[in-house]
Structures are given as C-alpha cells and as structure tokens.
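**Q** Counting from 1, position 314 in the sequence shown corresponds to residue 314 in full-length UniProt numbering; the numbering is continuous, with no gaps.
This is the structure, below, for whatever I ask next.
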Amino acid sequence: MHQPPDTLDTLGKPESRRAPDSTTSSTAQQPPLAGVTVLDLTRLLPGPLAGMRLAEMGAEVIKIEDKGAGDYSREMMLREGEAAPSAFWRLLNRGKTVARLDLKDEIDRATFLAHVARADVLLEGFRPGVMARLGFDFEALARHRPSLVMASISGYGQQGPMAQAAGHDINYVGYAGVLDQLCDAGDAPIVPNFQIGDLYGGAQSAVQAVLAALVSAQRTGRGRWLDISMTHEVFRSNLVPAVALHRQGRAPRAGDDLLNGGAPCYQVYRTKDGRYMAVGALELKFWQTLCDVLGHSEWKSRHWSLGQAVGGDDARALQAELAAIFASATQAEWTARFADADCCVTPVLRLEEAMVHPLFAQTREVLRP
Numbered sequence: 001m002h003q004p005p006d007t008l009d010t011l012g013k014p015e016s017r018r019a020p021d022s023t024t025s026s027t028a029q030q031p032p033l034a035g036v037t038v039l040d041l042t043r044l045l046p047g048p049l050a051g052m053r054l055a056e057m058g059a060e061v062i063k064i065e066d067k068g069a070g071d072y073s074r075e076m077m078l079r080e081g082e083a084a085p086s087a088f089w090r091l092l093n094r095g096k097t098v099a100r101l102d103l104k105d106e107i108d109r110a111t112f113l114a115h116v117a118r119a120d121v122l123l124e125g126f127r128p129g130v131m132a133r134l135g136f137d138f139e140a141l142a143r144h145r146p147s148l149v150m151a152s153i154s155g156y157g158q159q160g161p162m163a164q165a166a167g168h169d170i171n172y173v174g175y176a177g178v179l180d181q182l183c184d185a186g187d188a189p190i191v192p193n194f195q196i197g198d199l200y201g202g203a204q205s206a207v208q209a210v211l212a213a214l215v216s217a218q219r220t221g222r223g224r225w226l227d228i229s230m231t232h233e234v235f236r237s238n239l240v241p242a243v244a245l246h247r248q249g250r251a252p253r254a255g256d257d258l259l260n261g262g263a264p265c266y267q268v269y270r271t272k273d274g275r276y277m278a279v280g281a282l283e284l285k286f287w288q289t290l291c292d293v294l295g296h297s298e299w300k301s302r303h304w305s306l307g308q309a310v311g312g313d314d315a316r317a318l319q320a321e322l323a324a325i326f327a328s329a330t331q332a333e334w335t336a337r338f339a340d341a342d343c344c345v346t347p348v349l350r351l352e353e354a355m356v357h358p359l360f361a362q363t364r365e366v367l368r369p
C-alpha cells in the first residue's frame, strides 16, 4: 500500500496519514520540526499565527507573554459573558506552552535567556528598536545561542523612514497598492475580512523565511536575523497587476483585466436565489466545456485566447448574457448541473457552509478554537 503524502494539516501528526502496513521507522515518521524550539513573543494575529504554523509542523512553541494583560487578543472578540482568553486567542495559540515573564525583571530576564540558550527560533513583533532597548537585540541573543534564527515582524521594516510608524493590516495593504484594487461597483475600496497583510505579508512570509534560515543554521551553525516587513511582502506580490502596470502605465480597475472580472470566463455570477457561482473557465478547453453545459456552442470562439478583448465590448456583452442565464436557476441547481463537468465552475460558499463541506473534513478542526 502506498503511503499518502503529508498535507499542512497532518505534518505535525503524520501518524494519522501512515499507511496501515507501513514499515517506516518511528524516527522517520516524526513531524518535520520535531526537536525545534520556538520562542514566540508576538501578539495579536501575524506572529501568533506564524508560531502556530510552526507548532503544527511539530515544533515546541513557547509563547512568552508579560505578566500583565498579556497578548491583547486574550480580550478581543469575546462574546457577551464569555471569559478570557477569547476564541481568537485560543485559535491562534493552540499547541503552545505559555510562560508569563516580565522582561524588565532581573529574575525573569535570566529565565528568558535560559529559554534562548536552547531555542532555535525567536519570533517577535515589537516596534523596531524595542528588543534592543530591552538588551535583547539579535547580537546579544546570538551570544547565548549562535544558531538562533530571529524573525522580527513589523509593519514597515526595521529600517527606513516609516520603521517607527504604527499600523494595522488596512494600512499595510493600503500602502502596498492592494486595497485600491479591491473595489466595489462604485470604485470605493472594500475592507476585506481576510487580513492579507497580516496573514500573507506577516505570518506566511515569516514561516517561509524561518524555515529557510533553519536549514542554513543547521548547515552552518550560524543563525540570522530576519526582517519581515508586512507592507513590503504584500507589495512584492503585486505580480499580475504589475504586468498591467508595465503594459499600460497603471494597475487595472475592477472588471478591466483578465483575472479581476474583465473576462466573462473568469467571473462570479449571481443565481436565482441570490447566491453566486464562481466561473473559472480560463483555459479554452474549460470555456468550451462550459458552453456545452449551457447549450451555447456558438459562444466557444468568444474567448480571450481567441482574440476577445479583455474588458471590451464583446466581453461585457457576453458577461451580461451569462449573468442572465445564471440568474435563471439556484446555486444548488447550478452546482448539480456542473458537478460532473470539467470546467472550473463551483459554488461560492459561505464560511459556515465550507465548515461542513466534505472537502474540509480533515481540515475544519483548525478553525475551531
């Protein structure tokens, strides 16, 4: 029997993926970050999520909070009558050990340095310069642990004119030119309930950099200091908009480009019951299959790859025709109709629906605090 590959959901618990007749040694079955110790000094969303991702991959993560209020997320988004810590805090800090330390107290400072002496990674999200003022800059910590990888997550980077500026996700994506591209029909930016700067620019970028630095530290015995600027990491991901920028001197507005609604084959359409279907028939073969399902074979040549101008008159006319068709049946009816059609047409689910969908049977637990 072939052993299935690990997923990000099972990296920290590979025994759940092990084939029944596996003869692989127990050592080989350990999580990939088994034996790695992470000190997590961060608060709120980006850093704690990065620490949780490392914990999911098997690292021992020690969350260090001050002896006062601790991580602000303990009190955030509490239901009426609910006691702290909040579901938000629990969701982001599962699998971690919590240590309460006052980093200005001599005894607690010594305890912290004892943790550093055996740590492989340190995550911190203070404003640039705070760790140095505490006497815990990278150079000082590296004297206690030369192989230490220290990731400093900040809004605008450790250096530069905005290093000391306060900010949150909305500010980072605003500066990076992303929020301006997330617009409603009136061309006003929409504040997404998906924190692109925090989740991608902060957490995901930190995890990626930490894993690379760990490989280097294991090879050389020397750690490094990682400067994770959430704004810069989001800015670096403006890849598709940058193509339009270099082509026409500006980023496209909503509905003007291939992947933001300017092509009928890549759009969301409202259904009879007020729900939506996501049409991702970007490739010609998928588009032509969609045309067959809808009974409009005459549309097969009306595709961007065959010369239809993205955002042009024919594209807008065809989009209106498709909108009328999708409005004639419910989301459930369209989902059933496209279930066996290989053309990338799927329902737009609400989160509560996604939580019970069979697709996420082995993943949904990560969103339950």
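Glycine included, each C-beta is placed from N, C-alpha and C at the ideal position.
Below 8 Å between beta carbons: does that hold for Ser154 and Trp225?
**A** Not closer than 8 Å, so no.
**Q** Verify the CB distance criterion: does Glu75 have a CB-CB separation below 8 Å to chain B?
**A** Here there is only one protein chain, and chain B is not present.
**Q** Report the start-end ranges of each beta strand (DSSP E) in the segment 324-363 that is 3 residues or longer and not cut off at the edges.
**A** You should have 345-347.
**Q** Would you call the segment 138-153 and the segment 202-221 touching, i.e. three or more CB-CB distances under 8 Å?
**A** Yes, the segment 138-153 touches the segment 202-221.
**Q** In three-state terms, what does DSSP make of Leu226?
**A** Three-state DSSP puts Leu226 in a strand.
**Q** Which residue's Cα is closest to the Cα of Ile196: Gly280, His168, Arg337?
**A** Out of Gly280, His168, Arg337, His168 has the C-alpha closest to the C-alpha of Ile196.
**Q** Have a look at Glu56 and Arg90 and give me their C-alpha separation to the nearest angstrom.
**A** In a straight line, the C-alpha of Glu56 is about 14 Å away from that of Arg90.
**Q** Among Ala176, Gly274, Leu49, Gly307, which has the Cα closest to the Cα of Val348?
**A** Closest option to Val348, Cα to Cα, is Gly274.
**Q** Thinking just about the alpha-carbon of each residue, which of Lys104, Met131, Leu39 is nearest to the one in His115?
**A** Considering only alpha carbons, the answer is Leu39.
**Q** Looking at the unbroken beta strand (DSSP E) that takes in Leu306, where does it start and where does it end?
**A** Here Leu306 belongs to no beta strand (DSSP E), and DSSP marks it neither H nor E.
**Q** Would you mind giving the Cβ-Cβ distance between Gly262 and Gly311, rounded to the nearest angstrom? I have them listed as a contact below 8 Å.
**A** The pair is a contact, with the Cβ atoms about 4 Å apart (cut-off 8 Å).
**Q** Using a Cβ-Cβ cut-off of 7 Å (strictly less than) and excluding sequence neighbours within five positions of Ala354, which residues of its own chain qualify?
**A** If we look at Ala354 and ignore the five residues flanking it on each side, its Cβ neighbours are Phe360.
**Q** Determine, using beta carbons only, whether Leu123 and Thr42 come nearer to each other than 8 Å.
**A** Their beta carbons are under 8 Å apart, which means Leu123 touches Thr42 by this criterion.
**Q** DSSP on Val243, reduced to helix/strand/coil?
**A** Helix.
**Q** Thinking C-alpha only, which one of Leu179, Val279, Gln164, Leu54 is nearest Ile170?
**A** Ile170 has its Cα closest to that of Leu179, out of Leu179, Val279, Gln164, Leu54.
**Q** Where Ser328 and Val240 are concerned, what is the direct C-alpha to C-alpha distance, given to the nearest angstrom?
**A** If I take the Cα positions, the gap works out to 33 Å.
**Q** Within 8 Å, do at least three Cβ pairs link the segment 82-102 to the segment 65-74?
**A** Judged by Cβ distances under 8 Å, the segment 65-74 makes contact with the segment 82-102, as three or more pairs qualify.
**Q** What did DSSP end up calling Pro48 once you bin it into helix, strand or coil?
**A** Note: Pro48 maps to helix in three-state DSSP.
**Q** Could you give the residue range of the beta strand (DSSP E) that holds Ser152?
**A** Element bounds for Ser152: 149-154.
**Q** Answer with buried or exposed for Asn260, where buried requires no fewer than 16 other C-beta atoms within 10 angstroms of its C-beta.
**A** Burial call: buried.
**Q** Could you check how far apart the C-beta atoms of Gly157 and Ser237 are, in whole angstroms? I think they sit under 8 Å.
**A** About 16 Å; that fails the 8 Å criterion.
**Q** Pop quiz: Val61 and Lys104 are said to be a contact at Cβ under 8 Å. What is the actual Cβ separation, rounded to whole angstroms?
**A** Contact flag wrong, Cβ pair sits at about 23 Å.
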